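**Q**
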Amino acid sequence: MNYGTEIKSRRLARGWTQSELAQRCELTLLTIQRLEKGEVTPSLLTQSKLQEVLNMRWQSEDQDPAFTINQSLN
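With the working numbering applied, the sequence shown covers 22 to 95.
#1: Roughly how many whole angstroms lie between the Cα atoms of Gln72 and Arg78?
#2: Could you pull out every unbroken alpha helix (DSSP H) segment of at least 4 residues lying fully inside the region 40-65, listed in chain order?
#3: Just to confirm the assignment, what range does the alpha helix (DSSP H) spanning Arg35 have?
#4: Comparing C-alpha positions only, which one of Lys58, Cys46, Leu51 sits nearest to Thr26?
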């Protein structure tokens, strides 16, 4: 599963719209849309915000560019 699919899956599991996720992460709606479509790779700041809000953790750059996923959904 790629990061965009995982972001969307975690967002939907919480019952949030893309706009709600954008507000919670202090990102733009367009950024969330592009991330979920896999059009962009999240910056370190965006990764940090998503990690906090969605309980996600990316792997380091020398590993697979995807991410590891914490088990809990918060």
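Where is the CB? At the ideal position from N, CA and C, for every residue including glycine.
Note that the structure is a prediction, hence the values are computed from the model and not measured.
**A** So, to answer that:
#1: Taking the straight line joining both Cα atoms gives about 6 Å.
#2: Every unbroken stretch of the alpha helix (DSSP H) spanning 4 or more residues and falling wholly within the region 40-65 is given here in chain order: 50-58.
#3: Arg35 -> no alpha helix (DSSP H), and no H or E assigned at all.
#4: Taking only the C-alpha atoms, the option nearest Thr26 is Lys58.
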